[in-house]
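Student: Counting from -2, one number per residue, gives the positions in the sequence shown under the numbering used here.
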Amino acid sequence: MTAEEKNALARFLDCAADYLKDGYNRPRGSYAFENDTKPDNTAPPPLIDAPSASLPSSSLPLAYQIDEDDDTLEAAEPEAVLSAGYALPEAATLSELAALVSNCSACPLAPTRKHTVPGEGAERPLVLVIGEGPGADEDATGRPFVGNAGQLLDKMLASIGLSRTENCYIANIVKCRPPGNRDPQPDEIAACLPFLHQQIKLLRPKTILCAGRVAAQALLNTSRGITALRGAFTEYTPAGDAEKPIPVLCTYHPSALLHSESYKRPAWEDLKLLKARLEERE
Ligand code: SF4
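#1: So what does DSSP say about L106, is it helix, strand or coil?
#2: What residue ranges within the region 152 to 198 form continuous beta strand (DSSP E) runs of no fewer than 3 residues, ordered along the chain?
#3: Starting from P86, trace the beta strand (DSSP E) both ways and give me its first and last residue.
#4: In terms of residue numbering, what span does the beta strand (DSSP E) encompassing T138 cover?
#5: Going by DSSP in three states, P244 sits in which element: helix, strand or coil?
#6: Have a look at G144 and K198 and give me their C-alpha separation to the nearest angstrom.
#7: Closer than 8 angstroms to a non-hydrogen atom of the ligand SF4 - does that hold for the CB of V98?
#8: Do you know whose CA, among T204, L85, R179, lies nearest E279's CA?
#9: For the ligand SF4, list every residue whose C-beta falls under 5 angstroms from any of its heavy atoms, going in chain order.
#10: Using only the alpha-carbon positions, how far apart do L190 and E240 sit?
#11: Short check: CB of L94 to CB of P175, under 9 angstroms?
#12: Mind the definition here: the region 139 to 158 touches the region 245 to 252 only if three or more C-beta pairs lie below 8 angstroms; say whether that holds.
#13: Spatial neighbours of M115 within its chain, please: C-beta separation below 6 angstroms, excluding the five flanking residues on both sides.
#14: Looking at G130 and P181, is the spacing between their C-beta atoms short of 9 angstroms?
#15: Nearest-angstrom Cα distance between R210 and I223?
Now the structure itself:
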């Protein structure tokens, strides 16, 4: 086998291993098969090529940082990123927040996305709808809930007098598509949640509707299932604003309704609850 063929085979095996483990392909250094010389198998290839010393730190993706001791570039844990000098800057407006999202590389979803999907809708919404993350249609367009599930969501909202253009805002827990529509992983959720917390502060919605288990568990920081969480209001307290908790209702994700008729009745009951709460507040 030639050196070129060995390099191609090694690249393929690493790629397959990454996809099986995490669903994305890690950046790697070059492979060592040259002129039939055996590679040094005692040391793994670097996670990412070391940057030149002159690389400005502002051009680094959020999730990577220079180790000042040896000038290598290391992937950092998202929690470490968010708590060690890479804390999310405060956005003053939704468009500033969208710009931060579009430049974000704080988790493994960044390399495989086509577009970030920050969210869209009314700026002082009656209802903030939160889903789990973009799918293929959303990734292709940069807009939330635009596929079949999104069309059903629009109909569900319309049935109680709501609309994403007039009185709702639609967002997701993670702003980049998990490959193959898998659930976002805990580290991806942890890295992306600060964006959602900022959105909630900027939007100050009257109520929040969590669509599906992943959204409900992530926002409410619970491991309870959606069947236990739905059907009654709970509260979300924005950081630094303990006086103003926001009522939260959880329900089934529209895509679950598309797959199973049995979820439609309880979802309709949830929508009626939401409508009654909004009318009370008026
Ligand atoms: S999912 Fe969120 S944290 Fe991860 S890269 Fe996208 S915007 Fe950044």
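All C-beta atoms in this analysis are idealised placements derived from N, C-alpha and C, irrespective of residue type, glycine included.
Tutor: Answer, in terms of the structure:
#1: coil
#2: 165 to 169
#3: Run containing P86: none; DSSP gives neither H nor E here.
#4: Run containing T138: none in the beta strand (DSSP E); it sits in the alpha helix (DSSP H), 133 to 138.
#5: strand
#6: 28 angstroms
#7: yes
#8: T204
#9: V98, C101, A103, C104, L106, A107, V171, K172, C173, A188, C189
#10: 21 angstroms
#11: no
#12: yes
#13: According to the sequence displayed, residue 115 carries Pro and not Met. Around P115: A95, V98, K172.
#14: yes
#15: 5 angstroms
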